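Colleague: First the structure, which I've put down as structure tokens, then a few questions once you've had a look.
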Amino acid sequence: MRVRSYITWFDEVEFIGREITFTEPFPSTWRLEQKLREHERFASEDDVKSGLDCEAQAVFVCSRVAGQVPQEAIVKIRLQIPWIGTVNEPPHTRAKQAKSDWTFFAKRELEALSILKHNNCSSSPALLGWKREEQDAHMWVPGGYMLCILMERLRGVNPEPYYWGCKMDREERDELRAAFKKAYLECVACGVVHGDCAIRNLVWDRELQKCYLVDFEIFYRPSKRLGKWQDIDYIEWNLAECSDGDLHDMSTWKL
0 MRVRSYITWF
10 DEVEFIGREI
20 TFTEPFPSTW
30 RLEQKLREHE
40 RFASEDDVKS
50 GLDCEAQAVF
60 VCSRVAGQVP
70 QEAIVKIRLQ
80 IPWIGTVNEP
90 PHTRAKQAKS
100 DWTFFAKREL
110 EALSILKHNN
120 CSSSPALLGW
130 KREEQDAHMW
140 VPGGYMLCIL
150 MERLRGVNPE
160 PYYWGCKMDR
170 EERDELRAAF
180 KKAYLECVAC
190 GVVHGDCAIR
200 NLVWDRELQK
210 CYLVDFEIFY
220 RPSKRLGKWQ
230 DIDYIEWNLA
240 ECSDGDLHDM
250 STWKL
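Following numbering that gives the first Met the number 0, the numbering of the sequence shown begins with 0 at its first residue and continues without gaps.
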């Protein structure tokens, strides 16, 4: 069962200003400057034992302290958190929940970014580094995993809050759809079919007429069945609607 904890897992007093040193694929050190967002997968002991994850994630803007890489980047931190009902247990009790292995989704995201980086994809954030650490005795699950993924900071904004409102007109929506199709097909050509179809997983830079796909926790390798473009993909990604029209005729859609 998934419930909300209403807990801030990534306290800014603890995380802002923290420095993280990466060694893969080359050495660099970064300082966390700003938390952009966080979310959780909060689960019970029974849920975890049945295969669900109990994890919090946060995305930070970071600045370079050392290393031959860009001045700014993004760090996504994935952190094991305690089961429902155990948050207030003493650290030595929470430590019994510690997992050394990453979650399935963490592994998949890192795999997708690695494939896209290897193929020089320009429509996804470039993977700059990654690091796995164990949580210390003062963290949520002492001995549990903490995975840090360092990525390129993309220009642009997430279009979800603006797409269907008066802030984005039809002309810009048409531009975004055209740019999205190019980005989607480039990712497929580079070996990754994004599996979490939602406008929240897009970044839009109107000035450059460039769309990016992000958050590759769910992805597939292209095949005869997967990755072939269909206009209905616009609907699946929340870039068009077809409440009363013909799914095979875009002229009947809300664009």
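Ideal Cβ placement from N, Cα and C applies to all residues, glycine included. Just so we're clear, the structure is a prediction, and the values are computed from it rather than from any experiment.
Taking 8 Å as the CB-CB cut-off, is PRO81 touching chain B?
Modeller: Any reference to chain B falls outside this structure, which holds one protein chain only.
Colleague: Check whether the segment 134-142 touches the segment 187-196, taking contact to mean three or more Cβ pairs, one atom from each stretch, closer than 8 Å.
Modeller: No, they do not touch.
Colleague: Could you pull the start and end residues of the beta strand (DSSP E) that LYS34 belongs to?
Modeller: LYS34 -> beta strand (DSSP E) spans 27-40.
Colleague: Check each candidate in LYS98, ASN87, ARG93 and name the one with the smallest Cα separation from ARG77.
Modeller: Taking only the C-alpha atoms, the option nearest ARG77 is LYS98.
Colleague: Let me know if GLU11 comes out buried or exposed under the rule of 16 or more other beta-carbons within 10 Å of its beta-carbon.
Modeller: Under this definition GLU11 is an exposed residue.
Colleague: Does DSSP put GLN76 in a helix, a strand or coil?
Modeller: According to the sequence displayed, residue 76 carries Ile and not Gln. Strand, per DSSP.
Colleague: Just reading off the beta strand (DSSP E) that TYR5 is part of, what are its end residues?
Modeller: Unbroken run through TYR5: none, as it is neither H nor E.
Colleague: Which stretch, first to last residue, makes up the beta strand (DSSP E) that contains ARG63?
Modeller: Unbroken beta strand (DSSP E) run through ARG63: 54-65.
Colleague: Inspect the beta-carbon positions of LEU127 and PHE179 and report whether they are closer than 8 Å.
Modeller: Going by C-beta atoms, LEU127 is not nearer than 8 Å to PHE179.
Colleague: Can you tell which of GLU174, TYR233, GLN96, LYS75 has its C-alpha closest to the C-alpha of MET150?
Modeller: Of the candidates GLU174, TYR233, GLN96, LYS75, the one whose C-alpha sits nearest the C-alpha of MET150 is LYS75.
Colleague: Does DSSP put LEU126 in a helix, a strand or coil?
Modeller: Three-state result, LEU126: strand.
Colleague: Based on Cα-Cα distance, which residue from SER4, PHE9, ASN119 lies nearest to LEU35?
Modeller: Closest option to LEU35, Cα to Cα, is PHE9.
Colleague: Please report the straight-line C-alpha distance between PRO69 and ARG63, rounded to a whole angstrom.
Modeller: Answer to the nearest angstrom: the Cα atoms are 7 Å apart.
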